[in-house]
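Only one structure is covered here, and it is reproduced in the block below.
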Amino acid sequence: GNSVTQMEGPVTLSEEAFLTINCTYTATGYPSLFWYVQYPGEGLQLLLKATKADDKGSNKGFEATYRKETTSFHLEKGSVQVSDSAVYFCALRSDTGRRALTFGSGTRLQVQP
Amino acid sequence: DAGVIQSPRHEVTEMGQEVTLRCKPISGHNSLFWYRQTMMRGLELLIYFNNNVPIDDSGMPEDRFSAKMPNASFSTLKIQPSEPRDSAVYFCASTEGGAYEQYFGPGTRLTVT
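Chain order of the listed sequences is A and B. Quick note on this note's numbering: the first sequence kicks off at 1 and runs consecutively. Quick note on this note's numbering: the second sequence kicks off at 1001 and runs consecutively.
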């Protein structure tokens, strides 16, 4: 079956530091890949997506590239802000039938001023 | 658009009581998903509907859980009888046709004592 593995958190960084959150996946076919962000007390919000190999999703300074050869979709940001503190979820959606998302366990990011 | 609306936002109930969670998807979206989030198990899909028809309910934990979607603008998730292990945040999400993005509601935090 499909699965998503994320690095364990929490990740604690100082403001303006470089961020990488690793995500790898297992899936058949050609899934679409997503990063969602959850701020405290809120639901999940789509941060970025990539629907085919070598696509780069980007939004709000965050980027992730769909690497089929390494089955990875690592999230990066060049300079984090305190307001980026949240939980980040990597997810995939299979291209065969099931529309529901398969989520990773989430990585908590704490950015200190 | 108002986004996905869930009610109540918080629910505290005693073991054995019936609990009903409600969701209004984004207008025009024809797929609706119920997820549960816990510290131990992360985000899990419970059930999803397409055009008001349940497509995959394999994530529903047991017969105490039931979900309905009587029309395109309303869905309920019912737990009867509730148990302390049902305590979690329950999210509803919706999506449009073949679109990949799912839009999440703010969630209902359920506490069963």
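Glycine included, every Cβ here is placed at the ideal spot set by N, Cα and C. Since this is a predicted model, take the numbers as computed values, not measurements.
Less than 8 Å between the CB atoms is what I'm expecting for residue i and residue j, so what's the real figure, rounded?
i: Q45 of chain A; j: S85 of chain A; result: 14 Å between Cβ atoms; not a contact.
i: S58 of chain A; j: L48 of chain A; result: 6 Å
i: C1023 of chain B; j: G1105 of chain B; result: 6 Å
i: V87 of chain A; j: E15 of chain A; result: With a Cβ gap of about 18 Å, V87 of chain A and E15 of chain A do not count as contacting.
i: Q1037 of chain B; j: L1043 of chain B; result: 5 Å
i: P1084 of chain B; j: M1015 of chain B; result: 6 Å
i: S1082 of chain B; j: T1013 of chain B; result: 6 Å
i: A64 of chain A; j: A50 of chain A; result: 7 Å
i: H74 of chain A; j: N22 of chain A; result: 5 Å
i: F1065 of chain B; j: I1079 of chain B; result: 6 Å
i: Y1103 of chain B; j: G1003 of chain B; result: 7 Å
Three-state secondary structure (DSSP) at residue i?
i: P1084 of chain B; result: helix
i: D84 of chain A; result: helix
i: M1060 of chain B; result: coil
i: L13 of chain A; result: strand
i: L101 of chain A; result: coil
i: Q110 of chain A; result: strand
i: Y66 of chain A; result: coil
If you draw a straight line from the alpha carbon of residue i to that of residue j, how long is it in whole angstroms?
i: K56 of chain A; j: V37 of chain A; result: 17 Å
i: E1011 of chain B; j: Y1090 of chain B; result: 11 Å
i: C1092 of chain B; j: A17 of chain A; result: 34 Å
i: S1026 of chain B; j: N1071 of chain B; result: Position check: residue 1026 of chain B holds Ile in this sequence, whereas Ser was assumed. Straight-line Cα distance between these residues: approximately 13 Å.
i: T12 of chain A; j: N1052 of chain B; result: 43 Å
i: Y1048 of chain B; j: D1057 of chain B; result: 7 Å
i: G43 of chain A; j: P1061 of chain B; result: 22 Å
i: I1005 of chain B; j: L1032 of chain B; result: 12 Å
i: S1087 of chain B; j: L1110 of chain B; result: 5 Å
Please compile the residues from chain A whose C-beta is within a distance smaller than 7 Å of the C-beta of residue i.
i: L1045 of chain B; result: A100
Using a Cβ-Cβ cutoff of less than 8 Å, which residues in the same chain neighbour residue i once the five nearest sequence positions on both sides are dropped?
i: L101 of chain A; result: F34, A91, L92 and R93
Below 8 Å on C-beta distance, what does residue i contact in chain A?
i: S1066 of chain B; result: Those do not exist, as S1066 of chain B stays about 18 Å from chain A at its closest Cβ, beyond 8 Å.
List the residues of chain B whose Cβ lies closer than 8 Å to the Cβ of residue i, in chain order.
i: G9 of chain A; result: In chain order: nothing, as chain B lies at least about 12 Å away.
i: K49 of chain A; result: Y1100 and E1101
Using a Cβ-Cβ cut-off of 7 Å (strictly less than) and excluding sequence neighbours within five positions of residue i, which residues of its own chain qualify?
i: K1068 of chain B; result: S1075 and T1076
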